[in-house]
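Number of protein chains: 2
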Amino acid sequence: MPNKPNVLLVGAGGVGAMASFALEYSGESSVTSVLRSDYAHVVENGFKINSCDYGRGIRYRPSNVVNSIEASKQYGPFDYVVLATKCIPGVSSMIDIIAPAVSKDTAIVLIQNGIGIEDEALFKCPGNVILSGVSMIASSNVKGHIEHSDRDFLSVGYFENVNLTNEHQEKVCKRFVSMYKNDKNQCVFDENVKYSRWRKLVYNAGLNPVCALTEADVGRLEIFGGTDSIIRKAMKEVIAIAKSDGVELSEALMDFMIRSKDPVYYRPSMLVDIDKGNPLEVEVICGNPVRIAKKNGVEAPYLTLIYDLLKVVQGRIMEKRGMLIVPKERQVPK
Amino acid sequence: MPNKPNVLLVGAGGVGAMASFALEYSGESSVTSVLRSDYAHVVENGFKINSCDYGRGIRYRPSNVVNSIEASKQYGPFDYVVLATKCIPGVSSMIDIIAPAVSKDTAIVLIQNGIGIEDEALFKCPGNVILSGVSMIASSNVKGHIEHSDRDFLSVGYFENVNLTNEHQEKVCKRFVSMYKNDKNQCVFDENVKYSRWRKLVYNAGLNPVCALTEADVGRLEIFGGTDSIIRKAMKEVIAIAKSDGVELSEALMDFMIRSKDPVYYRPSMLVDIDKGNPLEVEVICGNPVRIAKKNGVEAPYLTLIYDLLKVVQGRIMEKRGMLIVPKERQVPK
Numbered sequence: 001m002p003n004k005p006n007v008l009l010v011g012a013g014g015v016g017a018m019a020s021f022a023l024e025y026s027g028e029s030s031v032t033s034v035l036r037s038d039y040a041h042v043v044e045n046g047f048k049i050n051s052c053d054y055g056r057g058i059r060y061r062p063s064n065v066v067n068s069i070e071a072s073k074q075y076g077p078f079d080y081v082v083l084a085t086k087c088i089p090g091v092s093s094m095i096d097i098i099a100p101a102v103s104k105d106t107a108i109v110l111i112q113n114g115i116g117i118e119d120e121a122l123f124k125c126p127g128n129v130i131l132s133g134v135s136m137i138a139s140s141n142v143k144g145h146i147e148h149s150d151r152d153f154l155s156v157g158y159f160e161n162v163n164l165t166n167e168h169q170e171k172v173c174k175r176f177v178s179m180y181k182n183d184k185n186q187c188v189f190d191e192n193v194k195y196s197r198w199r200k201l202v203y204n205a206g207l208n209p210v211c212a213l214t215e216a217d218v219g220r221l222e223i224f225g226g227t228d229s230i231i232r233k234a235m236k237e238v239i240a241i242a243k244s245d246g247v248e249l250s251e252a253l254m255d256f257m258i259r260s261k262d263p264v265y266y267r268p269s270m271l272v273d274i275d276k277g278n279p280l281e282v283e284v285i286c287g288n289p290v291r292i293a294k295k296n297g298v299e300a301p302y303l304t305l306i307y308d309l310l311k312v313v314q315g316r317i318m319e320k321r322g323m324l325i326v327p328k329e330r331q332v333p334k
Numbered sequence: 001m002p003n004k005p006n007v008l009l010v011g012a013g014g015v016g017a018m019a020s021f022a023l024e025y026s027g028e029s030s031v032t033s034v035l036r037s038d039y040a041h042v043v044e045n046g047f048k049i050n051s052c053d054y055g056r057g058i059r060y061r062p063s064n065v066v067n068s069i070e071a072s073k074q075y076g077p078f079d080y081v082v083l084a085t086k087c088i089p090g091v092s093s094m095i096d097i098i099a100p101a102v103s104k105d106t107a108i109v110l111i112q113n114g115i116g117i118e119d120e121a122l123f124k125c126p127g128n129v130i131l132s133g134v135s136m137i138a139s140s141n142v143k144g145h146i147e148h149s150d151r152d153f154l155s156v157g158y159f160e161n162v163n164l165t166n167e168h169q170e171k172v173c174k175r176f177v178s179m180y181k182n183d184k185n186q187c188v189f190d191e192n193v194k195y196s197r198w199r200k201l202v203y204n205a206g207l208n209p210v211c212a213l214t215e216a217d218v219g220r221l222e223i224f225g226g227t228d229s230i231i232r233k234a235m236k237e238v239i240a241i242a243k244s245d246g247v248e249l250s251e252a253l254m255d256f257m258i259r260s261k262d263p264v265y266y267r268p269s270m271l272v273d274i275d276k277g278n279p280l281e282v283e284v285i286c287g288n289p290v291r292i293a294k295k296n297g298v299e300a301p302y303l304t305l306i307y308d309l310l311k312v313v314q315g316r317i318m319e320k321r322g323m324l325i326v327p328k329e330r331q332v333p334k
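Quick mapping for you: the protein sequence lines, in order, are chains A and B.
The numbering of the first sequence is the UniProt record's numbering, which starts it at 1 and goes up by one.
The numbering of the second sequence is the UniProt record's numbering, which starts it at 1 and goes up by one.
Structure follows, in structure tokens:
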């Protein structure tokens, strides 16, 4: 099977593990999975998956399991390198990390949240196809145990690379869609990546950070008044910024997103990161929209304050993880 | 000593315990202290006080120690009832609680944070003098052990009660000042209560809630960028709202307040409440200024969002304390 597409998958949280499973489900591609904390466990036992799409009690071990990019190279070259990690520029550059596994024909697939996430990849890999994956799954990984509770819906398009023809980028993208899609999940070719990403941001830039800041799930946020007092205002700002960026979103989306996890007391990913003490996706979810608002002269006081508050929380998290050090004696002006 | 003023002191946190000590220090008044969690310990051992004003290792037991307002009545009638509790309308009405100990000649002294805290007292006790105490102390009480680290400065005035003459109110107020003041602390008659309370709010409405929301002390807040990005904007809004309420505050106050705890990594009272899981003084510190802004047509998006976020946090704290119940099944629109 020399022509079976070869995929490197980096990041095996709830999203990454299910992407890996989907890609191998129909046998149309071979996945090498880079794991860190779950490595030994998955080598020995595989993932245990309870899935609303595929069934419960599934054992799944990717074709190859490695614990570093360096080690993955023995299974290359790769047609696709899929990044299903958090996107936290300033904390780590995933593009630099995957570079050794990227050859000139590798397409890089970013299944990540936020706006402006493609800039670094387009800049550092000017000859490669860069794909956008917008995932609407609900899935968590606790020590190799995957709980997948809400249907896998992945929309894949390409971030336009002016050095390549659109025909080529579309072909590479559609090939990925056909590998990913099966009779249990949904995967579609996304003709308008920019629209899809702004659309998802209506959810992410409002509910995600506000739940993180208040440590309330979406249900409690609503009961305690925050959905009406905060979320609708923040979402309106996202819609206005998107418009200034050339993307028209309907205001009806606001209620669609607010109701999208009914009737679950759902904890959005950024709140889960708070629970776990993980760094937050502050810049791609909050920072980039705020910068676009500023550049385009759009008033966004709510998103701006939410961003500024989250940056302080991020500092606290990074200090706790030893990623930055606060001086013992506080330095103050004389 | 039939003319020695008789004081009931409710609330023996860091502020209340030091107020009790100050009032008895020169022997010019007699204090009955109402304690709850520290009652048994203080009856037996007194408070242990380490004070920057009075010295270390002091043992102090108020003249009378009781565990309820009902029990305090045996030591009445009281010339002054001092409230040094948190002010949390909607959670508990302290005016209703102290009512049995208030007679027609009792002055009620509110040593509490916030704006608009006098409304309930003036409404429910229309014949009584209501005093305002603005305290600039730093003092904490951990199980009867008082750490008093920053000088006791108390400014006392009267909330104008139109049913009484100003001469009478001033006399009652100045008597309290003379009882409280001694050679170790500072206590002054406050000619302009409204000014003092708005002035202190420049600190309280900015640093207090933002440190609570981000769980960062004032030093970390500054290092992580929040002092410049958030606090100055919030403080400017407080100054604008104060102006709309007839109080002119200098912008130089902002830096004075920002630097006031240098060089300590200071945790403001609302952050300490978060640490302890206590209800927050949301309404008197954030809610009332926001309502005044709205009434007077002053734009205050930062204070409004901070208030709305804190209300959600308050809901979460109250749920955890069993003060409100969230339905097991989330109620959602059909």
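Yeah, the Cβ is synthetic: ideal placement off N, Cα and C, and Gly gets one too.
What do you reckon, are the CB atoms on residue i and residue j nearer than 8 angstroms?
| i | j | result |
| --- | --- | --- |
| Ile-111(B) | Val-82(B) | yes |
| Leu-213(B) | Leu-213(A) | yes |
| Tyr-60(A) | Phe-21(A) | yes |
| Gly-287(B) | Arg-321(B) | no |
| Val-193(A) | Leu-164(A) | no |
| Gly-14(A) | Ile-146(A) | yes |
| Leu-154(A) | Cys-125(A) | no |
| Ile-88(B) | Pro-279(B) | yes |
| Ala-300(B) | Val-313(B) | no |
| Lys-200(A) | Val-109(A) | no |
| Arg-175(A) | Asp-53(A) | no |
| Met-318(A) | Ile-137(A) | no |
Closest Cβ-Cβ distance between residue i and chain A: below 8 angstroms?
| i | result |
| --- | --- |
| Pro-301(B) | yes |
| Val-312(B) | yes |
| Leu-309(B) | yes |
| Arg-267(B) | no |
| Val-15(B) | no |
Helix, strand or coil for residue i, going by three-state DSSP, please let me know.
| i | result |
| --- | --- |
| Arg-330(A) | coil |
| Thr-106(B) | coil |
| Ile-117(A) | coil |
| Gln-186(B) | strand |
| Asn-50(A) | strand |
| Phe-78(B) | coil |
| Asp-273(B) | helix |
| Val-193(A) | helix |
| Gly-133(A) | strand |
| Arg-151(B) | coil |
| Gly-55(A) | strand |
| Phe-159(A) | strand |
| Ile-111(A) | strand |
| Leu-164(A) | coil |
| residue 340(B) | Absent from the structure is residue 340(B), since the part of chain B shown begins at 1 and ends at 334. |
For residue i, decide whether its Cβ has a neighbour in chain B, counting only Cβ atoms nearer than 8 angstroms.
| i | result |
| --- | --- |
| residue 402(A) | Outside the shown range of chain A (1 to 334) lies residue 402(A), about which nothing can therefore be said. |
| Ala-216(A) | yes |
| Arg-220(A) | yes |
| Met-1(A) | The predicted position of Met-1(A) is uncertain, since its pLDDT is 43 and thus under 50; a value taken from the coordinates is nonetheless stated next. Chain B, which has no Cβ nearer than 8 angstroms to the Cβ of Met-1(A), makes this no. |
| Ile-223(A) | yes |
| Val-326(A) | yes |
| Asp-96(A) | no |
| Gly-57(A) | no |
| Asp-119(A) | no |
| Glu-24(A) | no |
| Glu-281(A) | no |
Please work out which residues of its chain come closer than 7 angstroms, Cβ to Cβ, to residue i, disregarding the five sequence neighbours upstream and downstream, and give them in chain order.
| i | result |
| --- | --- |
| Glu-251(A) | Ile-239 |
| Met-1(A) | The pLDDT assigned to Met-1(A) is 43, lower than 50, so where the model puts this residue is not dependable, and the model offers no usable value. |
| Phe-224(A) | Ala-216 |
Who are residue i's beta bridge partners in DSSP?
| i | result |
| --- | --- |
| Thr-32(A) | Leu-8(A), Asn-64(A) |
| Val-142(A) | His-145(A) |
Between which residues of its own chain and residue i is the CB-CB distance below 8 angstroms, once the five residues before and five after are set aside?
| i | result |
| --- | --- |
| Asn-64(A) | Ser-30, Val-31, Thr-32, Ser-33, Ser-72, Tyr-75 |
| Met-94(A) | Val-10, Leu-83, Thr-85, Cys-87 |
Identify, in the order they occur along the chain, each residue of the same chain with its Cβ nearer than 6 angstroms to the Cβ of residue i, setting aside the five sequence neighbours on each side.
| i | result |
| --- | --- |
| Val-42(B) | Leu-35, Val-65, Gly-144 |
| Gly-219(B) | Tyr-265 |
| Asp-79(A) | Pro-5, Asn-6 |
| Pro-268(B) | Leu-207, Asn-208, Cys-211 |
| Ile-274(B) | Ala-212 |
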